[in-house]
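Step one of this worksheet: look at the structure below.
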Amino acid sequence: MASQTLTIRKPDDWHVHLRDGEMLARVAPYTARQFARAIVMPNLAPPVISVQSARDYRKRILEATAPGFTPLMTCYLTDDTDPDELARGFDESVWIAAKLYPAGATTNSASGVTDIGNIYPALARMEKIGMVLCVHGEVTDPDVDVFDREREFLDRVLRPVVREFSELKIVLEHITTADAVDWVRDMIVAATITPQHLVINRNAMFAGGLRPHAYCLPVPKREEHRLAIRMTAVSGLPNVFLGTDSAPHARAAKESACGCAGIFNAPFALESYVGVFEEEGALDKFEAFASINGARFYGQPINEETVTLERFHHEVPGEVDGLVPFHAGEMLRWRFAG
Numbered sequence: 470m471a472s473q474t475l476t477i478r479k480p481d482d483w484h485v486h487l488r489d490g491e492m493l494a495r496v497a498p499y500t501a502r503q504f505a506r507a508i509v510m511p512n513l514a515p516p517v518i519s520v521q522s523a524r525d526y527r528k529r530i531l532e533a534t535a536p537g538f539t540p541l542m543t544c545y546l547t548d549d550t551d552p553d554e555l556a557r558g559f560d561e562s563v564w565i566a567a568k569l570y571p572a573g574a575t576t577n578s579a580s581g582v583t584d585i586g587n588i589y590p591a592l593a594r595m596e597k598i599g600m601v602l603c604v605h606g607e608v609t610d611p612d613v614d615v616f617d618r619e620r621e622f623l624d625r626v627l628r629p630v631v632r633e634f635s636e637l638k639i640v641l642e643h644i645t646t647a648d649a650v651d652w653v654r655d656m657i658v659a660a661t662i663t664p665q666h667l668v669i670n671r672n673a674m675f676a677g678g679l680r681p682h683a684y685c686l687p688v689p690k691r692e693e694h695r696l697a698i699r700m701t702a703v704s705g706l707p708n709v710f711l712g713t714d715s716a717p718h719a720r721a722a723k724e725s726a727c728g729c730a731g732i733f734n735a736p737f738a739l740e741s742y743v744g745v746f747e748e749e750g751a752l753d754k755f756e757a758f759a760s761i762n763g764a765r766f767y768g769q770p771i772n773e774e775t776v777t778l779e780r781f782h783h784e785v786p787g788e789v790d791g792l793v794p795f796h797a798g799e800m801l802r803w804r805f806a807g
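Encoded structure:
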């Protein structure tokens with residue numbers, strides 16, 4: 470008989486959007502409930518581009534969460550990012566990484582990088598001091614099909630960066646394609662994987678009509694890509710780790726004529742992930758993916774505290790604090806027991 474519980478070291482979320490203001494107060498406790506630490510994305514309005522703005526944002530997150538949760542801050546790269554400011558924030562342990570958003574690639578990315586060459590001085594400094602580059606890997610050329618934008622980014626943008634900065638530590642966030650999997654398996658970059666990209670393919674956005682709550686960026690791809698992502702998540706590779714990319718939006722902002730991209734998966738993130746690992750016969754690999762690989766990559770201590778999940782069939786509610794969560798209305802086989 471299969472064990473009815475699974476106990477692992479407390480996981481970390483290596484990619485999450487906690488938003489700000491009233492939305493921060495609503496959503497941050499869900500991440501803090503399941504994770505010890507989280508790398509917080511800096512795409513606020515205005516974005517987190519200075520050491521002081523990162524300090525201030527971290528303070529707001531701590532005020533919105535219970536003691537014991539550690540937000541790890543990131544710097545939003547722009548065409549004008551000052552390498553000295555980057556290094557100062559890293560040296561003072563204000564931020565752990567910098568985030569590359571190609572301008573216009575996703576939510577609040579208008580201030581992002583317009584040409585990768587513009588940030589080569591910043592990347593050179595990051596390589597020298599050992600600071601991680603987190604990458605939203607999509608081109609924004611309107612002539613490129615939306616389903617091909619990750620693949621094109623790998624060839625057009627990331628390949629020259631890797632060639633120029635061979636010692637730069639890079640995390641390709643929320644990978645969605647078999648093309649990205651090849652880079653990960655060749656140990657060229659590390660990668661985070663979201664629960665949604667393990668569970669849904671692009672059909673989910675069009676099942677019986679437009680499904681805005683299945684819309685995120687990068688968009689889910691063909692089934693062959695989803696299967697490649699699943700095999701990578703459960704592979705045991707040390708450069709692959711958990712990153713939910715939980716990205717909440719108000720229901721009205723999702724269900725509109727120009728709906729926002731983002732899936733709010735924080736309330737049931739671990740339950741979603743562990744269900745996939747169970748389906749793939751890889752529960753023994755889950756702790757490394759969720760709790761060990763990311764910490765080692767970022768040079769952080771592995772958590773000593775543990776959490777337990779238990780087998781329990783339950784239905785995900787249609788709303789959580791007025792937001793539609795991932796798996797809304799569906800049955801999950803595991804429950805977070807704390």
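Under the working numbering, think of the first position of the sequence shown as 470, with each following residue one higher.
All C-beta atoms, glycine included, are put in the ideal place defined by N, C-alpha and C.
Consult DSSP for residue 545 and reduce its assignment to one of helix, strand or coil.
strand
Comparing alpha-carbon positions, which option in 807, 674 and 659 lies nearest residue 687?
Taking only the C-alpha atoms, the option nearest residue 687 is 674.
Closer than 8 Å is the cut-off here; do at least three beta carbon pairs connect the segment 534–549 with the segment 507–516?
yes
What's the gap between the Cα of residue 553 and the Cα of residue 605?
23 Å
Host alpha helix (DSSP H) of residue 592 (start-end):
Element bounds for residue 592: 589–598.
Three-way DSSP call (helix, strand, coil) for residue 496 in this model
Looking at residue 496 - three-state DSSP - the assignment turns out to be helix.
So, helix, strand or coil for residue 656, using DSSP?
coil
Assuming residue 720 and residue 798 form a contact by the criterion Cβ under 8 Å, report the distance between their Cβ atoms to the nearest whole angstrom.
Residue 720 to residue 798, Cβ: 14 Å. No contact.
Residue span of the beta strand (DSSP E) that contains residue 777, given as start and end:
775–784
According to DSSP, residue 789 sits in a beta bridge with which residue or residues?
792
Once DSSP output is grouped into helix, strand and coil, what is the label at residue 568?
When secondary structure is reduced to three states using DSSP, residue 568 falls in the strand class.
So is residue 619 buried or exposed if we call it buried at 16+ other beta carbons inside 10 Å?
buried
Identify, in the order they occur along the chain, each residue of the same chain with its Cβ nearer than 7 Å to the Cβ of residue 519, setting aside the five sequence neighbours on each side.
554
Residue 701 (DSSP reduced to helix, strand or coil):
Residue 701 falls in the helix class under three-state DSSP.
Give a yes or no on contact between the segment 637–652 and the segment 698–707, applying the rule of three or more CB pairs nearer than 8 Å.
yes
Is residue 504 helix, strand or coil by DSSP?
Residue 504 falls in the coil class under three-state DSSP.
Neighbour-count burial assignment, residue 477, 16 or more Cβ in a 10 Å radius:
Buried, since its Cβ has 16 or more Cβ neighbours within 10 Å.
Mind checking if residue 473 is an interface residue toward chain D, Cβ cutoff 9 Å exclusive?
The structure shown contains no chain D; it holds only a single protein chain.
Taking the straight line between their C-alpha atoms, what separation do you get for residue 568 and residue 621?
19 Å
On the three-state DSSP scale, how would you describe residue 477?
strand
Looking at residue 732: is its Cβ nearer than 9 Å to the Cβ of residue 716?
yes
Taking DSSP's pairing of strands, which residues face residue 539 in a bridge?
In the DSSP assignment, residue 539 forms a beta bridge with 506.
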